[in-house]
Amino acid sequence: MDSTTMNPITVFLTIASGLIGVAFVATGSPYWAAPFLIAAVAIATALKMANTWQKFVILRAGKLRGVKGPGLFLIIPVIDNVVAVIDERIQTTAFSAEAALTKDTVPVNVDAIIFWFVHDAQKAALNITNYREAIDRVSQTSLREMIGSSMLSAMLSERSAADELLRSEIGRKTADWGISVKSVEIRDVAIPVALQDAMSRQAQAEREKQARVILGSAEAAIAGKFVEAAMTYADHPAALQLRAMNIIYETTKERGATILIPTSMVDSMNPVVALALAGSDTVQQKVNGPLPTTSRPQ
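Counting from 1, position 139 in the sequence shown corresponds to residue 138 in numbering that gives the first Met the number 0; the numbering is continuous, with no gaps.
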């Protein structure tokens with residue numbers, strides 16, 4: 000609200016006093032009309048009202064008289080002067096930085112918004128000419144300083160930390176003006192299109208690398224299990240025979256399938272033949288001597 004704008008109560012009392020004075024003039028009683036006309040002028044210039052979120056800063060003959068509000072109050076016309084009406088509600092100011100270079104020399108466009116409020120109306124009115132314009136300038140300067148001291152990856156991934164850094168920096172600079180910063184939010188960080196493509200390819204390469212590492216780990220685990228199975232089958236031939244029979248059973252479940260099985264595999268499944276083969280191997284070892292030993296993985 001402008002300090003020169005009268006509030007509804009002042010307007011009503013001024014009009015009422017003026018009408019009464021005019022009525023006395025019309026009835027031929029100018030002496031009775033004069034006090035009401037003077038009262039109308041005095042009410043219009045002296046009676047002020049501040050809303051619950053407003054503070055009026057008043058100077059008397061150029062010196063600070065005080066801060067009034069909220070509610071109704073009187074000033075002395077001509078001597079007192081309302082120099083500022085301060086709104087103490089939370090305000091929002093949007094600001095941005097275009098083509099600002101990050102610490103790793105990447106040009107970015109950053110849009111942000113600041114939430115602030117006046118906690119000391121006297122300082123906001125007397126310590127600075129235009130605190131609203133100053134908030135915008137300080138916010139832009141602080142944003143560029145933050146961009147210049149930050150890596151692009153940190154700005155993109157640590158948005159909350161950047162917001163808090165801006166809030167504390169802007170709040171420190173505006174404290175002497177009676178202004179407190181509630182929060183700062185970075186809304187968007189725009190980077191060049193060519194750099195976006197490069198970052199996309201880099202992210203894709205990182206994902207492919209991770210997929211290959213996972214696949215290699217799985218292959219190594221499977222190979223280890225195969226080694227353990229081979230050692231088990233070597234120590235227990237019957238287990239190998241059961242496994243072979245299970246494989247044949249699983250294969251024959253499909254109807255209309257033709258299966259070719261080597262004769263040696265069939266003979267290995269016959270216990271009698273297997274024992275005979277084992278006996279012939281023993282006889283051959285006695286004739287030809289023991290076979291050379293081979294190392295077996297432990």
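Glycine residues also receive a C-beta, built at the ideal position from the N, C-alpha and C atoms.
Chain B beta carbons: is any one of them nearer than 8 Å to that of Leu214?
This model lacks chain B altogether; it includes just one protein chain.
Can you tell me where the beta strand (DSSP E) holding Ile112 begins and where it ends?
Its beta strand (DSSP E) spans residues Pro106 to Val117.
If you drop the 5 nearest sequence neighbours on each side, which residues of the same chain put their C-beta closer than 8 Å to that of Trp52?
Contacts found: Pro69, Asp86, Glu87 and Arg88.
Please classify His48: does DSSP put it in a helix, a strand, or coil?
Contrary to the premise, residue 48 reads as Met rather than His in this sequence. Reduced to three states, the DSSP call for Met48 is strand.
Output the boundary residues of the alpha helix (DSSP H) element that contains Glu144.
Run containing Glu144: Tyr130 to Gly147, per the alpha helix (DSSP H) assignment.
Just curious, the beta strand (DSSP E) that Lys122 is in, first and last residue?
Lys122 -> not in any beta strand (DSSP E); alpha helix (DSSP H) instead, spanning Ala120 to Leu125.
If Asp110 sits next to Arg186, beta carbons under 8 Å apart, how far is it from one beta carbon to the other, in whole angstroms?
Right, the Cβ-Cβ distance comes to about 5 Å (below 8 Å), so this counts as a contact.
Using 8 Å as the threshold, is the C-beta distance between Ile57 and Gly65 below it?
Going by C-beta atoms, Ile57 is nearer than 8 Å to Gly65.
Taking the alpha-carbon of Asn126 as reference, which of Met154, Pro106, Lys172 and Ile42 has the nearest alpha-carbon?
When each option's Cα is compared against that of Asn126, the closest is Lys172.
State buried or exposed for Met230, treating a residue as buried only when at least 16 other CB atoms are found within 10 Å of its CB.
Per the 10 Å Cβ criterion, exposed.
Could you check the C-alpha separation between Tyr130 and Leu18 for me, to the nearest Å?
The alpha-carbon atoms of Tyr130 and Leu18 are separated by roughly 42 Å.
What's the gap between the Cα of Ser95 and the Cα of Leu12?
Their backbone Cα atoms lie some 48 Å apart in a straight line.
In three-state DSSP terms, what is Ile178?
Strand at Ile178.
In angstroms with no decimal places, state the Cα-to-Cα distance between Glu218 and Gln201.
Using only the alpha carbons, I get a separation of about 26 Å.
Going by DSSP, what residue range makes up the alpha helix (DSSP H) through Lys172?
Arg158 to Thr173 is the span of the alpha helix (DSSP H), which, as asked, contains Lys172.
Pull up the DSSP beta-bridge partners for Asp86, would you.
Gln53.
Count the other CB atoms, across all protein chains shown, that sit within 10 Å of the CB of Asp119; report buried if there are 16 or more and exposed otherwise.
Buried is the call here.
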